Amino acid sequence: MKIKAIEGNKLPKPCPICNGKAKLNFIESEYKYFCSNIGTHISCGDWKSTEKAATADWDRRVEEYKLGREKPKEIKGQITMEEVLKNV
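Per the numbering used here: the sequence shown ends with 336, consecutive numbering throughout.
So, in structure tokens, the structure goes:
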């Protein structure tokens, strides 16, 4: 299925892991995006009833992945790498 802008929206964001294009899949009137390179990177969303909802879900997962990679969750009592290096 060819990826296109939906109702004036921009194209889905690229895969945050490999920068691959998002690939829209369609099964029995439900839609979901996967990475076009492998399809397993961030393919864990729910199937959606519209292309627009699938695009929003994909873009949300991309952003959540990026945030998780850039800002790991802090664990109580955990020290940062900067603190470790200050004491070296």
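All residues carry an ideal CB built from backbone N, CA and C; glycine is no exception. Computed from a predicted structure; not experimentally measured.
query                                                                                                                                                             : result
Going along the chain, which residues of its own chain have a beta-carbon closer than 7 Å to the beta-carbon of G316, five neighbours each way excluded?          : none
Report the three-state DSSP secondary structure of L259 (helix, strand or coil).                                                                                  : coil
Rounded to the nearest angstrom, what separates T298 and E278 at their Cα positions?                                                                              : 7 Å
For A302, which residues from the same chain have a beta carbon less than 7 Å from its beta carbon, with the 5 sequence-adjacent residues on both sides left out? : L272, Y279, K280, Y281, K296
Under DSSP, the beta strand (DSSP E) around N273 begins and ends at which residues?                                                                               : 270-275
Tell me which same chain residues have a C-beta within less than 8 Å of the C-beta of D305, skipping the five on either side of it?                               : K280, Y281, G293, D294, K296
Tell me which same chain residues have a C-beta within less than 8 Å of the C-beta of I275, skipping the five on either side of it?                               : W295
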